[in-house]
Amino acid sequence: MGIQELSDALAISERRRREAQRLSGVGFWELNYQNGTLYWSEEIFAIYGLEANALDPNYEIFVSLIFDDDREFVDAAYKASVKDGTEYNIRYRIKAGPATKWIEARGVTYYDSEGNPERSIGTAQDISEIMDAQQALEHLALHDALTGLPNRKLFSDRISAALNLARRHGFFLGVLFIDLDNFKRINDRQGHSLGDEVLVGIARHLEHSVRAEDTFARLGGDEFVGLLTGENEQDIQDAVQRVKQSIEGTYSTEFGSFAITASIGVTIYPHDSDEPDELLRHADHAMYEAKESGKSRICYFDAKRHQSNRSRNQLLVDIEKAIENDEFILHFQPRICLRDGSLSGAEALLRWFRPDGPTPPVEVITAIRGTSLEWELDTWVMKEALAQVRRFRAYGLQGPFSLNVMPSTIENRELPSLLKQFLDDASISGENLEIEVLEVSSIRDFDQANEILRVCKELGIRFSLDDFGTGYASLTYFHSLPVDKLKIDQLFIRTLLSDGGSLALVKSILAISDANDCFVVAEGVESYSIASALRHLGCDYGQGFGLAKPMASDDYIAWAHNWDAQVFLDRMAASG
């Protein structure tokens, strides 16, 4: 090969390299220690929002363009890599005109025969979109999606931190449990959209009623909790009165005005326990006493009075009897494949119909939390669900069929053998069963849970994370457990077509699932237009009242035999 041919080949190779850099958005830089010059490729100028060769860069200019809070550690990290002869790999923020961007930079340094640095070369890439998505997911993992307030996980962390400070400095803490009186009527009569609007307004009132160092959180529904600090008990009591006054009153919306009152339970440290969970539980008990006293009341926790309060204990007794007497039943909500309209099993949902009316599942779950009844009820659900699955299979219905279990069940080493026994009793394979993990953030030992789930997966059982996108199921937990599916919380699905934030989050979750070979189920699909939008976004399955409500097993069998996939696809197409 002649000189010209070599020259042409080199030019072609260089063009290919530059084109690859341009397409990938990765820029190249080189710092020459002999003359102090810094070379930037066109891609790096573009990252900074500059025209190519708009300035002659040097190390000082590079440092000056770093975001103020990051400048010192970036400079130190680079110099340390040069001194130690290690690779330079760091993420930091830069000032690119009026914008702030996240950069991931890598580099290595070359040295002369005496060990002096000659030049450093490396790459830089704009990772702002990745960091924004990660920060959004991290924020959602610790905050309530509707109100923006902290969620249970973040609130528990803040109680723990506040208790440590209170022990050292001797100040008082007040833990509040707030429940809005008769709020269910607003949701039932006016709809959840208006109810959500009122909840957001109450959250803002709570934030403005106290000092910046105090905290409020939303646990779900119309339940809020608060953490107040004071020099003495009177400070706490005064603050509680301000909180009550701030949230009670008339809330005006475009649909009318609504009078809101609240029942508030309070417990005070150091008069009460120094355990975060116990403080919250005692505030909860005090709140129920406030409701029983006539609502719109403040009730302070009293240990002696608490001993005589048997309402929760009575509910636990009733639940135990209900398990023994098979008073619970399971309803099944169908799950639809959005790609071809086929029926893809159903989710088993707990129902308890008592003589005085149905008891909501959330009340059952709240009552048994932290007791042995968690395992007993989950055992009943697993056995009953698999018995029903056997019946469905006899009618030619395909799965998988899913059920929900508590976090403590996932950590119970008896789970794999129990599931194998129930599968054998029902004469069905594990591929027919999918287990949804509730409140994943409450799992105490992820290593043990991971081990137990992997043993269960050897039976063919699949696992999914429920309510993904909320504080209960963050990206961290997704990578900590061997899950096969993600279930997007209905809050984001319900507002998919009206809220850009929900749409962006759903897209992010779908991208994460695709990158990890994981299926996605959308909960709360209330219309064919939402189903159509989810299908176009690449979501695998849909579930919700817009497709089919939960139903008794006999009704599910009849419904499934009448299901027409083509009609479903036609309705989606017509709505889109």
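Counting in our numbering, the sequence shown runs from 87 upward without gaps. For glycine and all other residues, C-beta sits at the position ideal for the given N, C-alpha and C.
Whole-Å CB distance - residue i paired with residue j, under 8 Å assumed
i	j	result
residue 345	residue 339	With 8 Å as the limit, residue 345 and residue 339 do not qualify as a contact, their Cβ atoms being about 13 Å apart.
residue 447	residue 436	5 Å
residue 497	residue 534	6 Å
residue 55	residue 571	The requested residue 55 does not occur in the structure, where the chain is confined to residues 87 to 662.
residue 366	residue 312	That belief does not hold up - the Cβ atoms of residue 366 and residue 312 are roughly 11 Å apart, past 8 Å.
residue 304	residue 289	7 Å
residue 133	residue 212	5 Å
residue 272	residue 284	6 Å
residue 628	residue 653	15 Å between Cβ atoms; not a contact.
residue 646	residue 420	7 Å
residue 508	residue 469	5 Å
Euclidean distance between Cα positions of residue i and residue j
i	j	result
residue 456	residue 195	56 Å
residue 309	residue 259	20 Å
residue 458	residue 439	22 Å
residue 135	residue 299	39 Å
residue 109	residue 129	Its pLDDT being 48, under 50, residue 109 is placed unreliably by the model, and the measurement read from it follows with that caveat. Those two C-alpha atoms are separated by around 10 Å.
residue 208	residue 214	19 Å
residue 179	residue 150	12 Å
residue 471	residue 247	42 Å
residue 597	residue 587	15 Å
residue 490	residue 521	6 Å
residue 103	residue 210	Below a pLDDT of 50, predicted positions are generally treated as unreliable, and residue 103, at 49, falls in that range; the measurement from the model is reported next regardless. Going from the Cα of residue 103 to the Cα of residue 210 covers about 15 Å.
residue 665	residue 158	Nothing in the structure corresponds to residue 665, since the chain is present only between 87 and 662.
residue 613	residue 164	54 Å
residue 413	residue 445	12 Å
residue 352	residue 451	22 Å
residue 618	residue 186	36 Å
residue 492	residue 389	29 Å
residue 429	residue 477	17 Å
residue 137	residue 269	58 Å
residue 245	residue 362	6 Å
residue 638	residue 416	7 Å
residue 632	residue 432	15 Å
Neighbourhood of residue i by C-beta, 6 Å cutoff - its chain only, sequence neighbours within 5 removed
i	result
residue 328	295
residue 118	205
residue 126	115, 143
residue 642	418
residue 167	174
residue 660	none
Nearest candidate by alpha-carbon position, reference residue i, set the options
i	options	result
residue 624	589, 644, 348, 248	589
residue 234	125, 282, 263	282
residue 279	251, 244, 232	232
residue 201	169, 596, 208, 146	169
residue 267	380, 247, 594	380
residue 454	431, 401, 502, 466	401
residue 318	285, 354, 643	354
residue 384	376, 391, 390	376
residue 382	452, 312, 265, 341	265
residue 449	374, 430, 410, 427	374
residue 216	241, 423, 480, 190	190
residue 634	609, 622, 554, 620	609
Residues that DSSP places opposite residue i in a beta bridge
i	result
residue 181	186
residue 43	The requested residue 43 is not part of the displayed model; the chain covers only 87 to 662.
residue 112	211
residue 425	Residue 425 pairs with nothing; no bridge assigned.
residue 236	229
residue 417	435
residue 573	607
residue 261	313, 353
Cutoff 7 Å; reference residue i; Cβ partners in own chain excluding five residues on either side
i	result
residue 394	In this predicted model, residue 394 has a pLDDT of only 49, less than 50, meaning its place in the structure is not dependable; the value taken from the coordinates is given anyway. Counting only Cβ-Cβ distances below 7 Å, and skipping sequence neighbours, we find nothing.
residue 551	523, 526, 559, 563, 564, 569, 572, 573
residue 378	none
residue 495	460, 461, 464, 501
residue 655	427
residue 160	152, 176, 178
Chain-order list of residues whose beta-carbon lies under 8 Å from that of residue i (same chain, five-residue window excluded)
i	result
residue 475	485, 487, 512, 514, 518, 519
residue 124	115, 116, 117, 118, 143, 144, 145, 147, 148
residue 334	346, 347, 348, 382
Any non-hydrogen atom of the ligand COA within 7 Å of residue i CB
i	result
residue 367	Absent from the structure shown: the ligand COA. Ligands present: none.
Test: residue i CB closer than 8 Å to a CB of chain B
i	result
residue 295	Structure shown: chain B not included; a single protein chain is present.
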